[in-house]
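**Student:**
Right under this line is the structure:
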C-alpha cells in the first residue's frame, strides 16, 4: 500500500468524522461540549469506551509486546475487570449524587480548595502524558510508513494529526465523541478480525489449528507465579491492574466524562459492567493477534522494523499489515483500525483536558455567560498545542514499549488521586487542606526514588505496577497525619459510597 493510498484512506475517514461532527455540534453549547446534555444512550457509551480504553496503544503495542512478555498482560487485564466494578459501584454513585462536571469538584466539597487543585493537577499531568503516549504511537507509524517517503518532518506529522482532532471536536466536544468513538471502535474490531483471518489464511491454518499449534504455546503462558520477585508475578500484576483501572478510569476525567453523559446512574453502571466484560475478551484477542504476528514473521523471515537504528516491537503489526503479502484489504483495514484506535482515545483526551482546565483551573462556570464559549474554544486550542509539544519530546526520550511506559507513568501520576479519593470515601476526617500538596509531592518523589532502586539492592525484587497502590497508600498515610483530629466532615453523609 503506497503512502498516497494511505493518505487518501485517512482523508476519507476524517471526512466521515467531520460529517458526524457537523450534526452533533450544531448546538455548540458548553452543556453539550462538557456533558452531551446528559442524554447519551448507555449502550452507545459502552461500545465507544472499548475503543477509547484500548486505543492505539493496545492496537499496536500489546501485540508487539507478546515476544517479551508472552500473555502475562492478561493478569493485568483481569485486575482491570475488578477495578471497573469498583468504579461502577463505589465512584459513579458519588459523581451522580453530586452532579459534577469535573469529578475533582468532589475533592473541593470534601476537603477544600488545595485538595481540589492537587487532584486536578494530578489528572492534568496524567492525561497529558497518557494522551501523548497514544498520539506518539500513531504518529511514528504514520511517519515510518507515509511521511518519511516524502521527507516530511516528524514535527509536521504530529501537528497535522492533532489539528485533525481539533477540527472535529472543537464544536461538539463530548457529544461528538460519544458518536465518533462508536464508529472508531467498530473500525478497530473489524480491522483486528480481518487481520487474524488473512494471516491465518496465509499460514494455511484454521482458527482451531492455530489455537492448538505448538507455535502458539511458546507465547501463550498467562499466569506467572514462579518468582514473586519478578515484575510479572500474578499478584503484583493483578493488584497493579486493578488500581490502574480505578485511577485511569474511575478517577480520570476523560473516562468519567463519557459515563456522566448517561441519563441515570443505573444506565452508567450498565455501561461500565458490559464494557468491562467486552474489554477482557477483546484484549485476549489482541494477545492472540500478537502471537500470530510473531509466528508469521518467523515463518516468512520478517525482522522487527528499526526506528532510529533500534528494533521497535511497536512497529511489527504495521510492518506486516502494510509491507507483506497479505493484500490491500489487510493494509486498508489496518490503517483504518489504527487511526480509529488512536484517535478514539486522543480526541476524548483533548476534550477532557479542555473540560478540566476550564472547570478546575479557570472556573468557567463563574465567568460571565457571554465569555464562556470563547474561553472554552481558546483553551481547546491551547491544549492542542500542549499535546503537540509533549509528543515531539517523547520521540527523543522514550526508549521503552509504549504500553509498558504508559503503565509505569500511571504509577507516578495517579497515586495522589488514589490516596485523596480513598481518604475521602473511607474516612470521616477533614484535612488541614493547605498541607495536602506537600503530602502529594512527597509521595510522588518517594515512588520515583523507589522505582529507580536497582533490583539487586532489593534482594532481586523487580518493582512493577504495584507502584501505583503503594503511591496511593503513601498519600493516604500522609493525609492521615494531617487530618483534623476530633472533627468530622460536614459532607460525609453525601459522599459515602452506595451500591
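Numbering (our numbering), first residue to last: 1 to 499.
Idealized CB from N, CA, C, for every residue including glycine.
#1: Could you work out which residue in 431, 412, 458 and 241 is closest to residue 500 when comparing CA atoms only?
#2: Whole angstroms is fine: what's the gap from residue 120's alpha carbon to residue 11's?
#3: Just to confirm the assignment, what range does the alpha helix (DSSP H) spanning residue 217 have?
#4: On the criterion of 16 or more Cβ atoms from any shown chain inside 10 Å, does residue 22 qualify as buried, or is it exposed?
#5: Considering only C-alpha positions, which residue in the set 182, 228 and 144 is nearest to residue 50?
#6: Leaving out five residues before and five after residue 80 in sequence, what residues of the same chain have Cβ atoms less than 6 Å from its Cβ?
#7: Enumerate in chain order the residues of its own chain whose CB-to-CB distance from residue 73 is below 7 Å, with the five nearest sequence positions on each side excluded.
#8: For residue 198, which option in 15, 293, 132 and 235 has the closest C-alpha, if you only look at C-alpha atoms?
#9: Within 10 angstroms of the Cβ of residue 252, are there 16 or more other Cβ atoms? Answer buried if so, exposed if not.
#10: Who pairs with residue 306 in a beta bridge, going by DSSP?
#11: Identify which residue in 306, 154 and 265 has its Cα closest to the Cα of residue 142.
#12: Rounded to a whole number of angstroms, what is the C-alpha to C-alpha distance between residue 428 and residue 146?
#13: How about residue 60 and residue 338: are their beta carbons less than 8 Å apart?
#14: Out of 438, 265, 230 and 296, point me to the one whose CA is closest to residue 459's CA.
#15: Can you tell me which of the three DSSP states residue 362 falls into?
#16: When you compare each of 105, 454, 82 and 95 to residue 358 by their alpha carbons, which one comes out closest?
#17: Taking only three categories from DSSP, how would you classify residue 91?
#18: Any chance the segment 358-367 sits against the segment 90-105, with 3 or more Cβ pairs inside 8 Å?
#19: Just mark residue 144 as buried or exposed, buried being the case when its beta carbon has 16 or more other beta carbons within 10 Å.
#20: Pairing CB atoms from the segment 84-98 with CB atoms from the segment 316-336, are three or more of them under 8 Å?
#21: What are the start and end residues of the alpha helix (DSSP H) that includes residue 472?
#22: Rounded to the nearest angstrom, how far is the Cβ of residue 3 from that of residue 149, given a contact under 8 Å?
#23: Please list the segments of the alpha helix (DSSP H) lying wholly inside the segment 200-240, counting only runs of 4 or more residues, in order along the chain.
#24: Relative to the C-alpha of residue 449, which residue among 471, 434 and 437 is closest?
#25: Can you give me the Cβ contacts of residue 483 inside the same chain, cut-off strictly under 8 Å, excluding the 5 residues immediately before and after it?
#26: Given a cut-off of 8 Å, decide if residue 216 and residue 291 are closer than it, judged by their beta-carbon atoms.
#27: Sorted by chain position, which residues of the same chain lie with C-beta nearer than 8 Å to residue 468's C-beta, five sequence neighbours on each side aside?
#28: Just list the residues that DSSP pairs residue 247 with in beta bridges.
#29: What's the gap between the Cα of residue 496 and the Cα of residue 220?
#30: For residue 16, list the residues DSSP reports as bridge partners.
#31: Give the DSSP-derived three-state secondary structure of residue 160 in the structure shown.
#32: Could you check where the alpha helix (DSSP H) with residue 368 kicks off and where it finishes?
#33: Using CA coordinates, which residue listed in 157, 125, 151 and 296 is at the minimum distance from residue 136?
#34: How many whole angstroms separate the CB atoms of residue 440 and residue 476, which I take to be in contact at a CB cut-off of 8 Å?
#35: From residue 320 to residue 196, what distance separates their C-alpha atoms?
#36: In angstroms with no decimal places, state the Cα-to-Cα distance between residue 260 and residue 45.
**Tutor:** From the atom records:
#1: Only positions 1 to 499 of the chain appear in this structure, which leaves residue 500 out of reach.
#2: Counting only the Cα atoms, residue 11 lies some 36 Å from residue 120.
#3: For residue 217, the enclosing alpha helix (DSSP H) covers residues 214-217.
#4: Its Cβ having fewer than 16 others within 10 Å, residue 22 is exposed.
#5: Comparing Cα positions, the closest option is 182.
#6: Result list for residue 80: 241 and 245, in chain order.
#7: Non-local C-beta neighbours of residue 73 in its own chain, meaning closer than 7 Å and more than five positions away in sequence, comprise 62, 65 and 287, ordered along the chain.
#8: Closest by alpha carbon: 293.
#9: The residue in question, residue 252, is buried, as its Cβ has 16 or more Cβ neighbours within 10 Å.
#10: According to DSSP, which records beta bridges pairwise, residue 306 is partnered with 311.
#11: Cα-wise, what sits closest to residue 142 is 154.
#12: Residue 428 and residue 146: Cα-Cα distance of roughly 56 Å.
#13: In contact: residue 60 and residue 338 (Cβ atoms closer than 8 Å).
#14: Residue 230 is the option with its Cα nearest to residue 459.
#15: Correct three-state label for residue 362: coil.
#16: Nearest of 105, 454, 82 and 95 to residue 358, Cα basis: 105.
#17: Secondary structure at residue 91: helix, using DSSP grouped into helix, strand and coil.
#18: With a cut-off of 8 Å, the segment 90-105 and the segment 358-367 count as touching, because enough Cβ pairs lie within range.
#19: Counting C-beta atoms within 10 angstroms of its own C-beta, residue 144 has 16 or more neighbours from the protein chains shown and is therefore classed as buried.
#20: With contact defined as three or more Cβ pairs closer than 8 Å, the segment 84-98 and the segment 316-336 are not in contact.
#21: Residue 472 -> alpha helix (DSSP H) spans 467-481.
#22: Indeed, because the Cβ distance is near 5 Å, the residues count as touching under 8 Å.
#23: The segment 200-240 contains these whole alpha helix (DSSP H) runs: 207-212 and 214-217.
#24: Nearest of 471, 434 and 437 to residue 449, Cα basis: 471.
#25: These residues qualify, in order along the chain: 427, 429, 430, 431 and 432.
#26: Yes, they are a contact pair.
#27: Around residue 468, the same chain offers 240, 243, 244, 247, 410, 411, 414, 415 and 418 as residues with beta carbons nearer than 8 Å, after the five sequence neighbours per side are excluded.
#28: Looking at the DSSP output, residue 247 shares a beta bridge with no other residue.
#29: Reliability of the predicted coordinates at residue 496 is poor, the pLDDT of 44 falling under 50, and no value is obtained from them.
#30: DSSP links residue 16 through a beta bridge to no other residue.
#31: It is helical.
#32: Run containing residue 368: none; DSSP gives neither H nor E here.
#33: Looking only at 157, 125, 151 and 296, the smallest Cα-Cα distance to residue 136 is reached by 157.
#34: The C-beta distance from residue 440 to residue 476 rounds to 11 Å, too long to fall under 8 Å, and the pair is not in contact.
#35: Residue 320 and residue 196 have their alpha carbons spaced roughly 12 Å apart.
#36: Distance between residue 260 and residue 45, taken at the CA atoms: about 10 Å.
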